[in-house]
Structures are given as C-alpha cells and as structure tokens.
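To start, the structure itself, in structure tokens.
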Amino acid sequence: MELGGLSSSGTVTLNGATSVSFPDGVQPANVSLTNGSLVDVTSVNGGTIAINGANFDMSQSTLQAGLTDGASISDAVAGNITINTNGNTNLSDKSLIANDIETSAIGNGGNIQLTTRDLTITGGSRVQTVTNSNGASGDIEINANGTIDISGFTGDGLFSGILTHSAVDTSGTGGNITINNAFGSLNLGNRGFIGTVTNSSSNGGAITLDLNTLVLESGGQIITLTSNIGNAGDITINASESVTISGGSRDFVPNPFLDLETFDLNALEFINDPNPNVAESGPLGIPYVSIERTPEQIINGTTVLGTAENQVDYFSFSITNGNSRAIFDIDNGFTLEDDSVDTRIFLFNRGTGELLEVNDDSLAADGAGGSTAVFGDLTFDSLIDTTITEPGVYLLAVGTFNSDGSNNQLIQGTSPQVGETYTLQVSLENLGTEGVSLPEDRFNPANFNPNVEANSSLLSESRGTGNSGSLRINTDKLILNNGGRISTDTFDAGAGGQITLNLGSLLEVKNGSLISSFARGSGDSGTIVIDTKQLQMNGGTLSTSTLSSGNAGEITITATESVILTGTGVEDFSRIKNDVASETTGNSGRVVIETPVLQLRNGSQITSMNRGDGDGGSIIVRAKDISAIGHSADSIFPSGLFTFTFGSGTGGNLIIETDRLLVSDGAQFSSTASGDGDAGNITIYASESVDVIGTDASDLFASGLFTSGAVFGTTREEIAGKGGDLVIETGRLRVAEGGQLVATTVGSGDAGDITIRATEVEVSNSIVDMTPRIFSTVSLSVDPGATGDGGDLIIDAERLHIFNSGQITASSFGDGAAGNIILNVNDIEVTGISEDGQFRSRIVAFCEGNSPARDVTITTNTLRVRDGAEISVSASGSGELAEAGDLKITAESIVLDGSATLSAEVSAGDLGNIELDSQLILMRDRSNITTNAEGAATGGNITIDTDLLVALDNSDITANAVNDFGGQVIINALGIFGTEFREQLTPNSDITASSQLGASFSGTVEINAPDFDPSAGLFELPENFVNPKLLVATGCGTDEGNQFTQFGRGGLPTDPTKPLRGETLWVDLRPLPRHSARRRKNRDHAANAANPGNSRRSRVIEANRWMINNDGVVELVADSVQSSPFISWFSPYYCVR
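Residues in the sequence shown are numbered from 314 upward in steps of one, following my numbering.
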C-alpha cells in the first residue's frame, strides 16, 4: 500500500498494483492519519507500506506491517514500511509505526525507513520492529536533516520511543537502529527513548547515531538490553559538536520499596525521658525510641540482621505534618570489638522512592554522645538530622560504610552481618499511626518500556547470561549533569561492555552524574577508556566495580590538557573508583591516568577498593603537576588517592610519575589493609618536588602519604595483611605544617618500609599550639595492641633539614618491634624546639610496649644538631622484650650546639648504646651525649672514635644510671679539649658513668688519647725584643742594613742547637665527596701517634726549586728529581771587598 498526493496539478502514475510514482517538480501534498486511523498490511507473507508527502502527521493512528500467526511460508519476509517527506513527520497521541512478527509466525520481519527533515515522536507514540517468533526483527533507519525530538508518555505509562525487540526466548535477532542526521540534532526527554532489547538466545540490535548534537534530558534514554543468553547490541554515537546527558524524571519509575518488608517504627512507643545519648530528648524535646540490634531480634519475617534475602536493615514510619524534625542516630556501632560495624544510613520517601539523605560518619557531639570517637570527635557511627517537609511514608535503611543508595533502588553493597550490633536512636515529630497506606502504582504492566533508570541515561545492560554491548561516543564535548548516566552494567553471568569516549575538547561529569560499568553477577564489568583534552568532574563519578565473582574493568584516562576533580557539598565530591565488594572473588581493575595536570579538590578521590578475595587494582598516574587539596565540606572525606583491601585479596598499588606533587590542607594518599590481604605499595617518582603540607580546615586531619592497617569491623588479630611500602624519589621533599609520611601496623601483619631518595629533604613546622597536636613527621609505627613489626625508614639524600618540631620517628606502642631508621645523607641539620619548650625537632626510635626498639644509623659528612633538637633511641615500655636500640653515627664532623642531645635512654628493659665515628665532634652550650637509664635499667655504652673531641660550656658525655649500674664510655681520640672524666656531673663539661646507688655501681670510662701537656713546646718569650745588631756579627759593609727577626714559633728554631720544626700545616677545605664518611673502628691511636706512617694525613712536600712558567710568572715547585743545592747570592760575612 502506498499513500501520497500532490499539492498542485500533476500526473500520478500507477506502477502495477502496489506502488505509484509522483512527478518531479511538483510539491507533494501533506499526509495525515488521525482519529484512530489504521493501515494494516500484515499477512502470512507481509505487505509493504509507502508514504510520500510534504509533511506526515499521525495522531492516535497506526501503520502496521509484518507477519501474522499461522504463516506457512518458510522463507517469508515481511514487507517494509517506507516514509518519505520533504518537511516534518509528527507522531503523537500513542501513534504507532510497527513491523512485527506475531507469535508462531514463520519468517523475518521487514524494515522501517523514514526520511524527513524534522521528526517528532510524543505522547507514547512509537516506531518499532518486534519479533515474537523465531524470525529476526527488522531494522529501523531514520534519515533527517533537522531536529529529531522524542519525548513524553501516556497516562498509563507507555513511553515514546524507537524500539527493536527480540521478545521471547526463541526469537531471532533484534533489528538495528540507525539515525543519520549529521547536520541536525537528536533530543530525547521526558522518558523518551531509543532502545534495542533481546529477551532471547539471539543477540539484540545495535544503535548507530550520526548527529551534530545529542541531548538526553528529563529521563530520556538510549539503551541496549539483554535478559537472556543473547548479547545486547553495541551503541555508537558520532556527534560532531556535543552530547549532553542531564536530569531525570520521577514519572513511572518502578518503586522497589512499595512491597518491601520493613520494621514498622509506628508500632513502637516513643518517649520523652531525658537521655544523654539522644539529641533533643527530655520533656520539652522530641519523642524518641531506642532500638537495639541484637543477634536474636527477628522482625516481620526478615530480621534486623538483614539475613533474609541479604538485605540491609529497613525501618518504615509515617509523618502526619510537614516541616517535622527527624533525627536518626547510630550509637555503639563502631566499637573496635568483635560485633563492631561501621554503618551508613539512608533516608527515603517510601511513596516516591526518592533518596533524601545519606550519612556515613559523624561528630559524636552532634549525636549527643553514645559513639566511639576515632579522630577527635569524629566517629564511624552515622547520623541524619533533617526536617521532613511533607507528610507521608518514609523509610530508613541501615547498611555498612561501603553500601550505596540511589533513587528507586534497594541499597547495594554489604549489609550488617550476623553478630554485628548497634543502637538506633530515632527522634520524630508528628509521628503517624500504624498501617498508613502507600500510594498506588498507576503503571500498566502491559506496557513494555526498555527504560531501567529514572535518570537520563546512555546504557547497555545485561540482566542475563548474555553480554552487554560496547558503548562508543565520538564528539567534541560530552557533558553529564544532574544525575546523567552512562553505563554498561551486568547483573548476571554476562560481561559488561567497554565504554569508549573519544572527545575533541571536554568531558564534564557533575552534580551526581555517573559513568560506570558494574558487574553485579558472575560476569566481568567492562572497561572505561577516555581520550580528551580536559576532564572536569564536579560531584560526578567514574566507576568500575564487581559485586560477585566477576572482575572489575580498567579505567584509562588520557587528557592532553588536564584532569580536575572537585566538589561543593557534603556528598558532592567527585570520585574515580574501582571496587571489589565483600565476599566476592573477582579482581579489581586498574585506574590509569595520563595528563599534564591532575587536580583533586574538596574531598575528591581516586580509589581502588578490594573487600573480597580477589586482588585490588593499581592506580597509576602520570602527570607533570599533581595536586590534592582539602576535604569534603563535612571534613570527613579527604581529597586524594586511595587503595584499600579488607579481605584476603591483595590491595592495589599507587604509582605516581610526575614533575611536581602537592598534597595539602588535609589531602591524603594512602594504601590500607584491614584483613588477610597485603596492602599495596605507594611509589612516587617526582623529578622536581614532593610537598606534603598542612591540615584540613577543622585541624583534625593531617595531609599525608600513608601505608597502614585499619580496624574496620574487624579485630586486630584478623588484620594479618602486611602494610605496603612507601617509596619516594624526587629532587626535593618537603613535609611541613602538620604534613606526614607514615607506615603503620595495627594488627599481626608487619608494617611496610619508607624509602626516600632525594636531593633535599625537609621536615618542619609541626602544629603543637592546639589540640590535637599534629606533628610534621616521617614515621614508622606499631600501634597499641599490634603484634606485627614496624618496617625500615631509609633516607638517601644530599641534605636533610629537620626544624621547628619536625620529626623522623620509628615507634612501637604494641608488641611488635619498632623499625630501623637508616640515614645516608651528605648534610644533616636538626634544629629547634617548640615555643613552649615541650616538643623538640628530633630523629628518634623508641618503644613503649613489650617490644624492642630498633636502631638509628646515620652515615653523613656533616651532622649538626642545634637549639634543643635531639637524635635518640629509647625504651620506656615494660616486659622481657622491651629494649632500646643503638644510635650509630658515622660522619666527618658532628656539631652539637645549644642544648642539643644525642641519647639512648631507657627506663625499663635492656640498654641502648651510642657509637660515634667522626673526625671532629664539637659540643657547645649545654649539649649532651647520654645513655642514661631510669628505674632499674642499666646505663648504655658510649663509644667514640674521633680525631678531635671538643666539649665546651657545660656539655656532658654521660652513661649514668639511677637504680643499676652505669654504662661504659670509651673514647678514642687524637685530641680532647674542654672536658675530662669526673665522678659526678659538675657545672663544667664532664665525662661520667655514675650510678645513684654509689661508686660501686658506677660504670667505666676509658679514654685513649696521646699523653701530652697542652703547654708543652711553649717558650716564655721576653717582654722586650732584643736588638739584633747586638747578636749578629757584622758582615761586609755592602750588606749592612739587612736584618732578620723571628717573633714567634715556626721557621727558624729559637735556639741554634735545636732542629728545624715542621710547624707548617696544609688544611684542605674543599667539600668532601658525597658519603665519603668512613668507619674507623678499633683504631690504635697510640700506634698512629708513634708511627707517622699510620697517619691519615698526606706528607707535606716542601718546594725545592723555582721556575718561570710560560707566562713569565715565578712559581715555587717541588719534584722528586735531585735538585741542585741552593746557592745564596749573598756573600758570607767573612768576604773581602
């Protein structure tokens, strides 16, 4: 059948029985089908429909082609539907253009081809090809040169759209959808869609769009979907200018909460009794109820434990008046005990499915107490304090910290498990009565819509064993706003498709928008590949995740100009994440970013989280400039890069390659283990600088690089994974104003190492004038209760400067050994103390538990410790294993000035020793070298090998004890000035090894130095010089007037009978090569003094001749050839003239 006409006179030619021809040059007439018009050519062999006109309008009408039931022609093919217009094509009021294969029909469906300038599809109208039999559905092709608008729905929920559908299990392949509108636009809004769906074992059709601009708004969607073993089709979008995906629609969204079994809060008795753990409690406050989550409590056939259908805990209630206060406070959830649970709570409008509020962590003061603080007042318990604006039925969901929620979706992720408990404090104004009715769902189940999301979306999903399709966008700008989505999710055994975004200039993801590939079943999630100039995220998310045995895909971002992540509100920070859920076996993929500039602001994060048995993915960033700054608005989420492992799988690594790295204002890079799996390593290669500076705005969180264990719903004994290593290679490393580099163990796993290779390292300006104090530090730590050992801290640098209470520490507060500190640095300076005199700049290894501290080993050319600073090892713990390590320093020079200290202090446990090997040791202004012992500990030993030891201004070397033996002091020196051994300390500079128990408990002092009197070799000179004329015979008259006078030592001897003395010294003041300090243990100084051949100094060779060089300059030279004896040109005094 063919429809058409002419707008003016002309000849229409009939071509056989099925088609007509229209003359050239005559404008065709408009064609309209209205008021229930029907054109139906379906049959066992299918007829065709052709429409030719200037404009084509359909309203409440149908064009139907296809194959009918009972067809007996095996190779039947349904006819095509062809529409050609010069102007507009409009479909409205549930109009339908369809080419379908009915049930039991045999053969393939026909195609639909529509050529027009503009196309509008509204009011539930559709263009579709559907197969309900084993034949393939036909393709749909639209050719336009203007604007295509698809939007709207009917009153019972039939959405406007373009659809190909393989509808039943045995159906053939779904048809493709192709839209060619290269110079025009495609707009889908208000639930309008373009979709290909397969519910069969055959594959769904592909979608290919060639456009200038594409806009999806108000719930508009492009989707390919499979619910069976057939694969979903691919989506390819070529838009020369831009693609925009924005907003959502609340109309006809499936509401999963309407039939959900919940705990009914309306059935409980609310009270007004005062309660210190309940905010606004008391007679004039808000009525409240306390709910204890216990292992035995069963609720409505599910359970508060969430074991039924593995759901989280859901609590429903109703509110009778608007603007009612509602407070939901979790207490005693996160307690560090076996039943501890870190919660996250969600507040929904149960009638509409809208997510109203979310909270993970809170301040204890906000909830009026009842929670365990972890950082200052911050707790891992949750709190929502809000005002409900409209009366209705609402729902509170309690999940764990890694659960997620969104509009009209049940909570995804993990739920509180059996044995985990918490107290829920609920305070509600205007609480309703039990049994409030829920709104009716007006959606007609007979209407098939492929839409699976309320938000505007570009989707390819697998809800069966087939794979989701790949999704490719080629455009200049891609903008996702207000919840817009791009995803290739899989919910069963099917694999997610790859998302490929090739963008000329910009990708912008903001305000809750999402690009994702989730594997919720056993299938793998897809990968995300982005190639653009700029990536800008403001409250948006990029994510690949696995919630089962499937693997999470990789995220690869290449941005030739910049990647910038930021946020504005509490939950509006941006995230790039790769997750493996708990109780899963899948592996997480990598996140790889290459760009000149990477910026993370306001709590924005790049994360790789592994909560299952699979391995976590690494995060790899290559950029010239990387900066992470600040926290989220609620000071809970720091900006930064993070890898976590909570199960038995290994955590991913953080690998940074950059010129400059800045981590400031509370931002953090961390690698964390909270299970059997080992944490990943953090490796930073920064050719110019690494700056770790400052704290967040609330002064609770330090900026830092951390590798550590963490107690999240586990006991310390369950944290067996090893901490990751932290490796930094850079030109300049600065850790200041509360910045920190830390490697910690909190369980049975060992902490990782910290290795720094740099030209210059600065640790400075701790924040000690407030509470809590935040120290600028590079540290290794064993936390209280931990049994794992600390790692090693190794710094290899040209210069290390520690000042204004900066610290390098290796500590143990638990049962594991503290780590070693090893410094190979050309020049080290440790200076200063806090203004209140409490906190020194220091390098220290210590233990306070039943564990040994380790050594501090320093190899340097120059060590300067000044103005109250210290380098020490100490033990203040108790138990058989408590002992201090050794302090070992090898240097060319050691300078202690202004109450500086080198110490090995013990108050319990075994002794600590100090070993110094240096050409020069200079102590001034009350500086000390001590191995003093408190309590019943024995004083440690001090061994000093030096050329010159100078101790001035009450500077002491002590190995004293209180209630035990003093230590041993051994000094091997060529010269000692300003100090001497004494039995007790005096106001002078002393060397002591005493005990308060008395002389019999004193240690020993052994000084090996050449015996000499400092005044030896000095001659008493006369007060007046003699007249040399009286002592020297007169020579020839011509020589009169010459004289020689010696006024001091050196040169000629003072007595003609004495030999010449070698007083001339050569001092080489050139800087020594890096790390030229060498050990000189157990030297025999007496032998060196007696045997000049053993001296380290080179022999001074005197000049034995002179010469005139090529420039005519006289030079004194020395050589090994035999020189002629010197012949004076002066005549002897007995000459005759």
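We put the beta carbon where it would ideally sit given N, CA and C, even for glycine. On a predicted model such as this, the values are computed, not experimentally measured, just so you know.
The three-state reading of DSSP puts Ala1064 in coil, since its state is none of H, G, I, E or B.
Ala941 places its beta carbon less than 7 Å from that of Ser952. With fewer than 16 other beta carbons inside 10 angstroms of its own, Asp1082 counts as exposed. The beta carbon of Ser555 lies closer than 8 Å to those of Thr526, Leu527, Thr788, Asp789, Lys790, Leu791 and Ile792 in the same chain, with the five residues before and after it left out. Between Gly836 and Gly863, the C-beta gap is smaller than 7 Å, which places the two residues in contact. Fewer than three Cβ pairs drawn from the stretch 559–572 and the stretch 583–591 lie within less than 8 Å of each other, which leaves the two stretches out of contact.
The residue from Ser800, Ala710, Gly929 and Asn794 with its alpha-carbon nearest to that of Ile786 is Ser800.
Of the candidates Ile548, Asn500 and Thr537, Asn500 places its Cα closest to the Cα of Ser531. Asn891 and Leu974 have their alpha carbons spaced roughly 23 Å apart. Taken through DSSP and simplified to helix, strand or coil, Asn795 comes out as coil. DSSP lists no bridge partner for Val566.
Its chain contains Asn512, Arg776 and Gly777 as the residues whose beta carbon lies nearer than 7 Å to that of Ser540, once the 5 sequence neighbours on both sides are disregarded; these appear in chain order. With fewer than three CB-CB distances shorter than 8 Å, the stretch 759–773 does not count as touching the stretch 735–745. Per the coordinates, the alpha-carbon of Asp1066 lies some 59 Å from the alpha-carbon of Ser464.
Secondary-structure assignment with DSSP links Glu530 through a beta bridge to Gly502 and Ser559.
Rounded to whole angstroms, the separation of the alpha carbons of Gly1132 and Pro1165 is 9 Å.
Assigned with DSSP and collapsed to three states, Asn585 falls in coil, not helix or strand. From the listed residues Gly1044, Gln849, Cys1160 and Thr1203, the smallest Cα separation to Thr1170 is found for Thr1203. Across the set Cys1160, Leu471, Gly1044 and Val1143, the C-alpha of Gly1044 shows the shortest separation from the C-alpha of Ala1110.
Val876 and Arg903 have their C-alpha atoms some 17 Å from each other. The shortest C-alpha to C-alpha distance from Gly1103 to any of Ser719, Leu878 and Ala1064 is the one to Ala1064. The C-alpha of Thr736 lies about 11 Å from the C-alpha of Thr656.
According to the DSSP assignment, Gln849 belongs to the beta strand (DSSP E) that extends over Ile841 to Asn851. Contact between the stretch 996–1003 and the stretch 957–970 is established, with three or more Cβ pairs separated by less than 8 Å. Collapsing the DSSP output to three states places Leu1013 in coil.
Beta-bridge analysis with DSSP links Leu878 to Met850 and Leu913.
Excluding the 5 residues flanking it on each side, Ile1141 has same chain C-beta neighbours closer than 6 Å at Leu1113, Thr1173 and Leu1176, in chain order.
Within the same chain, and ignoring the five residues on either side of Glu605 in sequence, the residues whose Cβ sits closer than 6 Å to its Cβ are Thr736. Distance check between Thr361 and each of Ile394, Thr381 and Asn720 places Ile394 closest, using alpha-carbon atoms only.
Counting only residues of its own chain and dropping the five nearest sequence neighbours on each side, Ala1071 has a CB closer than 6 Å to the CB of Thr1043, Leu1046 and Ala1110. Assignment of Leu471 by DSSP, reduced to helix, strand and coil, places it in the coil class.
For Asn401, the enclosing beta strand (DSSP E) covers residues Asn401 to Ser405. Excluding residues up to 5 positions away in sequence, Ser559, Lys823, Asn824 and Ser826 lie with their Cβ nearer than 7 Å to the Cβ of Asn794 in the same chain.
The three-state secondary structure of Asn579, taken from DSSP, is helix.
Relative to the Cα of Ala1416, the nearest Cα in the group Ala1431, Ile658, Asp674 and Gly1425 belongs to Ala1431. Of all alpha-carbon atoms in Arg638, Glu1228 and Leu878, the one lying nearest the alpha-carbon of Ile701 is that of Arg638.
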